[in-house]
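Input: a single structure, listed below in structure tokens.
Number of protein chains: 4
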Amino acid sequence: MKTKNISLGLIGAGRIGTFHAETIVYRVPNATLVSIADPAEGVAAALAARLGVEKSTSNISTLINDPDLQGVIIASPARFHTDLVIQACEAGKHVFVEKPMALTIENAKRAIDAAENAGVTLQVGFNRRWDQAFAEGRSAIAAGKIGAPQLLRSLTRDPGPFCADPAKIPQWTIFYETLIHDFDTLNWLNNGSKPVEVYATADALVAPEAKSSGYLDTAVVTIKYDNGAIAVAEANFSALYGYDIRGEVFGSEGMVTMGEMARSSMSLYSASGVAQDTLRKDTERFMWPYAAEFQGFVDAIAGERIEAPTGEDAKMALAIALAAIESVKSNAPVSIASVAQT
Amino acid sequence: MKTKNISLGLIGAGRIGTFHAETIVYRVPNATLVSIADPAEGVAAALAARLGVEKSTSNISTLINDPDLQGVIIASPARFHTDLVIQACEAGKHVFVEKPMALTIENAKRAIDAAENAGVTLQVGFNRRWDQAFAEGRSAIAAGKIGAPQLLRSLTRDPGPFCADPAKIPQWTIFYETLIHDFDTLNWLNNGSKPVEVYATADALVAPEAKSSGYLDTAVVTIKYDNGAIAVAEANFSALYGYDIRGEVFGSEGMVTMGEMARSSMSLYSASGVAQDTLRKDTERFMWPYAAEFQGFVDAIAGERIEAPTGEDAKMALAIALAAIESVKSNAPVSIASVAQT
Amino acid sequence: MKTKNISLGLIGAGRIGTFHAETIVYRVPNATLVSIADPAEGVAAALAARLGVEKSTSNISTLINDPDLQGVIIASPARFHTDLVIQACEAGKHVFVEKPMALTIENAKRAIDAAENAGVTLQVGFNRRWDQAFAEGRSAIAAGKIGAPQLLRSLTRDPGPFCADPAKIPQWTIFYETLIHDFDTLNWLNNGSKPVEVYATADALVAPEAKSSGYLDTAVVTIKYDNGAIAVAEANFSALYGYDIRGEVFGSEGMVTMGEMARSSMSLYSASGVAQDTLRKDTERFMWPYAAEFQGFVDAIAGERIEAPTGEDAKMALAIALAAIESVKSNAPVSIASVAQT
Amino acid sequence: MKTKNISLGLIGAGRIGTFHAETIVYRVPNATLVSIADPAEGVAAALAARLGVEKSTSNISTLINDPDLQGVIIASPARFHTDLVIQACEAGKHVFVEKPMALTIENAKRAIDAAENAGVTLQVGFNRRWDQAFAEGRSAIAAGKIGAPQLLRSLTRDPGPFCADPAKIPQWTIFYETLIHDFDTLNWLNNGSKPVEVYATADALVAPEAKSSGYLDTAVVTIKYDNGAIAVAEANFSALYGYDIRGEVFGSEGMVTMGEMARSSMSLYSASGVAQDTLRKDTERFMWPYAAEFQGFVDAIAGERIEAPTGEDAKMALAIALAAIESVKSNAPVSIASVAQT
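Protein chains in written order, with full-length UniProt numbering: chain A, 1 to 342; chain B, 1 to 342; chain C, 1 to 342; chain D, 1 to 342.
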């Protein structure tokens, strides 16, 4: 085996943390997952044992201060992200943090500053950027193939049936954790333009009984950009046909579309018509984009110039999320300037 | 030849009026186009001569009062629609009127009342309802195959390059004449639910120099319905790849999508990849839906029960257009109730 | 109505003859179906009454010699085709004959000669040539977009379930009546090249119990052309998913593919995946190609230069059918030269 | 890192051997590539150094007899395959051999016997079986979803432009090395049925100047099976649009199709229509199927029951290749029984 010369630690061994561990161990050459930390007793140890990872701990500071690690991957619950980013930066580690990097603009700035002061890489888990179709679409746009972007669309529909407990989902999750992907995707596809104003409408259509406690599972957000383009981001928590991630950018010279549902090119023709099976899970849909994003992180640590989502990108996506939340509260358009000095 | 037993007259021999005449002559059995009227000297006569239509006139009243006609097709400029509908109803003719049937709710009601009082059929030119894919989508929704609608999308992008003179386009055309199709389509696909509130944003991105005179060519409209569903309608005047008409309805049990751009199933594979040509014109894209809508009109005159867009449907779509216009003016959401007692 | 200035007569009011009558009456401007003949008592009269056709007769000669007719459409059983073509030519009528025009090369030559001597148009019912996708594919090939053709495929799968009585199907029908379409399509797509040698294999897989009486329902035919290209034609009598007509031409610079099964662009996404309904009948799949082929016939009668399948094309397709039949009998490749001096 | 507990050696560091090495090192957990052998001086060493593989040698026997290895991957030129399989089996190693496993039935039997006598796994490199779409198609067939297979198609078109030296391509390569994939695919998809008779036609259409020395680059093969199904396999060495691998199985109840050319779901719409880029290389098209086939090999060594192509499968595919070659020589159908006691 080639020496795996970038040593990584993982904070958080929940569903996605576990998958990130598997991705690094199985699908990222040049990286070694050296340590896993999770405060839940025994969880890190069990995962480390299963994957042959050397160290595990329930003390996150132990991992962050481990001199063997070059980079840290933060997959904790969202509310801890900012502080962990800052601690890791201060310990001199390169940082990969799952979205959202922060829940306030102030915190986003603190994280950005921490990375800058420490001179480390700070990469955010906007996985859609590493999907081949989205990357090809972005390249075509950047190459001018559709002219000036005028209308954009990005959507996230999580696979159903919805079986979470709405009471355990933090308020505004659909903006902070779901649509944050779409907000970043739109900013990125719109080729350097900045969001100006946001109008959002949201509802609890999947689990209407939970609406009174502030829970929302369906949202549509309109975003005006400083190049005149108008974007729509849309999310829902329960698509029975699978995990639906699509993007579309229409411009003065043409259009790109990205995303499809078919699981493979196999089509079955029968007396009832033609059918294809669909992609059902994020870990199936994004298996290789996840590998690519960690490969990018590892390559960046190794000194290569990688185009990856940064702390600034996270702050810009957050600004849209905050404006969308204000818009839902006020049922009025909200300017980005009013929620963030960006 | 079978006796063509429904006699029709056409008012307006402009671009779409001419195409409607061809459609009736060439593609609608059981109908005979007996007369054409157009105030522009010689225009009706020339078209009648070309298509073998018996009568022509530059006096519209002459046509409306022609006792030989059972039905009248109104394809004049939009601002004359209502009055012509009323005159034709009062003359006892069945009426097909191009969209928009009216530009005010008051006028919409007048047209509806006129048809009701005269006991004639009043059908509105929402051609998308007659497209096979949209009709199949609507049937699937009505049959419950996608559960309760939650998120809808309808878009119209006219084929580019845009080569009209913006100064000749009446203000708010994108809402009154373009998006009116999408508003009706969304109302129809949303299976009986009623629009409640509208937020619209619009801009002149195709011809920005004309914006100062109130011209708009790009718009995004968010509509909330009384079943909780949220719809987005979107339009642009210049799609370089052709005439782009699509619809999507997402519900609690699934999704339907309608519309595609490929002109045929022919794909060309070459060193540069795989390519298909696209549909370029409304008259190509909707050749057979246009024939179907007039067949429906003729069948209705002949006494069959036909599901076709009515004056009430036109009024409901207009209400959304009016709310959208108010929303653009105020940059705020506007309730349907504030523009229409529907 | 425009004067319908080409007067046509129809021989044969069976399934496809009836559909041809409807096509001419409803979907072909400039043509008037003036007379229908069918030897079965009352059949022509009933169809004529339903469609408003002026004359009907059970005497085919009456129709052929009717001085009111400019063109005759022959949709009788295949074994009568040649004699009817010759009679109609001798009566000075332009002739459209359903495939196969003849069942022997000798007869094909007699039909060609009769038309030539009479100076009339002789068009054969190879409807696939009038399908938009196939026509676009042929144009791309003729324009050199795929370079020199090297591998071709054409297939016909009739919609199932098969419910005919095998005993009533003449022997070799799969070659004479089904694959004859594919043979012509391949000759036409291969851009002027000539077939040289044929190998065919066939079986009764749909109704195996009928095989002992010579019935065949499944066949694969390999054809070598004088430009080196190798073609495969394939047929089956029972496709449960519908009427499957496809073509593919691979060349030195690329490939064209034609044909698809989806009935419309409507896709239904549900818990079981994504599905589309399929085209089920030839009259649905080829409704407009049928209209186009008769429009072409009418235009040719009116004096326009139309590219349409000729008697020579029918003879060439027949030569392949005959060679294929010989090949099945001998289980060996058979040269075109051995069955036809073409 | 998880202990990589299956130790593998690789024989042959040419184009595909190098890619196999990368696949094992980068994309197959649980496997360690311990040694590489290639007779060309320095080649194995360079690859081993680049990938961090422990050992390298120019002596193939050294590798085969290395007690550290559990399995050996044979990616040498085809003519050495059989002897290397036998040596590796005799050394007690599990064997993965690239196709073709043997060039004669006698040799195929020797290889099969060697593995049986040694009690080791013998897996053959039919990568198409590990492609998700083909595997799904095969599952649907095995589950009876298309009824009894009646017509099959499998094709291989290598990406062009062709830039090899025809003189360096061994005679009959298109059958032994290219179509062997399709022969195995058809046997496998046809669900346990056995080939009975073969008719093949082939030509040099890509490099016609080399035909006189026996070089062939285009072939079509018809195969009759003992369940009555008729299959067509087709190959060409130069598809300018990329690497084209497709399969189709039509049966009494329906059809499955597998394979597509689009590189991703990104579509670009522009004034010239809609376009997608295509897959260009086997290593791009089959990156993950290659990983899956080695994962299967490793899992089999680890004791799991894996459905993988065996020596018997290789012998059956070879029998078709041999019959096809005889058929080209004789221009007549050739029975499988005449080339192989299978």
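From the three backbone atoms N, C-alpha and C, an ideal C-beta is built for every residue, glycine too.
Which residues in chain C have a C-beta closer than 8 Å to the C-beta of B:E136? List them in chain order. R263, S264, M266, D277
Under 7 Å from the C-beta of D:S238: neighbouring residues of chain B: The premise fails here: D:S238 is roughly 11 Å from chain B at the closest Cβ pair, so nothing lies under 7 Å.
Could one say the Cβ of B:F175 lies closer than 8 Å to chain A's Cβ atoms, at least one of them? No, because no Cβ of chain A sits closer than 8 Å to the Cβ of B:F175.
So for B:Q123, helix, strand or coil by DSSP? strand
Taking buried to mean at least 16 other C-beta atoms within 10 Å of its own C-beta, is D:G273 buried or exposed? buried
For B:G119, count neighbouring Cβ atoms within 10 angstroms of its own Cβ and tell me buried if that reaches 16, exposed if not. exposed
Beta-carbon proximity list for B:I301, same chain, < 8 Å, skipping 5 on both sides: Taken in chain order, the residues that qualify are I6, Q70, G71, H94, T121.
Let's test the definition: count the other Cβ atoms within 10 Å of the Cβ of B:T104 and tell me whether it reaches 16, buried, or not, exposed. exposed
Would you decide whether A:D217 is buried or exposed? Buried here means 16 or more other CB atoms lie within 10 Å of its CB. buried
For C:A78 and C:E177, which I take to be in contact (beta-carbon distance under 8 Å), what is that distance rounded to the nearest angstrom? 6 Å
Whether C:A31 touches C:L8 by CB criterion (8 Å): yes
Is there at least one Cβ from chain A nearer than 8 Å to B:D38's Cβ? no
When the Cα atoms are used, what is the spatial distance from A:A321 to A:S193? 17 Å
Return the residues of the stretch 36–62 of chain C that lie within a Cβ-Cβ distance of less than 9 Å from chain B, sorted by chain order. Within the stretch 36–62 of chain C, the residues whose Cβ lies closer than 9 Å to some Cβ of chain B are R50, L51, G52, V53, E54, listed in chain order.
Chain A contact residues for D:A133, given Cβ-Cβ distances below 7 Å: S264, S265, M266
Residues of the stretch 20–37 of chain B with a CB closer than 8 Å to any CB of chain C: list them in chain order, please. Sequence-ordered contacts of the stretch 20–37 of chain B with chain C read V25, Y26, R27, P29, T32, L33 [C-beta pairs closer than 8 Å].
Quick one: residues in its chain with C-beta nearer than 6 Å to the C-beta of B:F286, no 5 flanking neighbours on either side, listed in chain order? N127
Can you grab the Cα-Cα spacing for the pair A:S58 / A:L186, in whole Å? The straight-line gap from Cα to Cα measures roughly 38 Å.
Taking B:E253 as the query, report the chain C residues whose CB atoms sit under 9 Å from its CB, ordered along the chain. S270, A271
Beta-carbon spacing of B:Y269, D:Y26 below 8 Å: no
Where does A:N59 sit, in a helix, a strand or coil, going by DSSP? coil
Return the chain-ordered list of same chain residues with a C-beta closer than 6 Å to the C-beta of C:V43, the five sequence neighbours on each side being excluded. A13, listed in sequence order.
Determine the direct distance from the alpha carbon of D:G137 to that of D:F96, and round the result to whole angstroms. Roughly 24 Å between the two C-alpha positions.
Taking buried to mean at least 16 other C-beta atoms within 10 Å of its own C-beta, is residue 356 of chain C buried or exposed? This structure does not reach residue 356 of chain C, given that chain C is present from 1 up to 342, and the question cannot be answered.
Would a C-beta distance cut-off of 8 Å place C:A108 and C:L318 closer than the cut-off? yes
Starting from A:V198 and walking both ways along the beta strand (DSSP E), at which residues does that stretch end? 195–203
Using a Cβ cut-off of 7 Å, which residues of the UniProt domain "GFO/IDH/MocA-like oxidoreductase" (136–256) of chain B contact any Cβ in chain C, in chain order? E136, G137, A140, K145, E253, G254, M255, V256
Who are the neighbours of D:A337 on chain C, taking C-beta pairs under 9 Å? Those within 9 Å of D:A337 in chain C number zero; the least Cβ separation is about 15 Å.
Just how far apart, CA to CA, sit A:F297 and D:F294? 27 Å
Verify the CB distance criterion: does B:A323 have a CB-CB separation below 8 Å to chain A? Taking Cβ atoms only, chain A never reaches closer than 8 Å to B:A323, which makes this a no.
Given D:P309, which residues of its chain have a CB within under 7 Å of its CB, disregarding the five upstream and five downstream residues? Q123, V124, F126, R129, D184
Under 8 Å: do the stretch 230–237 of chain D and the stretch 139–158 of chain D share three or more Cβ pairs, one atom per stretch? yes
Measuring CB to CB, does B:A202 end up less than 8 Å from B:P149? no
Based on Cα-Cα distance, which residue from D:A140, D:G259, D:D299, D:A324 lies nearest to D:D131? Comparing Cα positions, the closest option is D:G259.
Using three-state DSSP, classify D:Q132 as helix, strand or coil. helix
Is DSSP giving A:S7 helix, strand or coil here? strand
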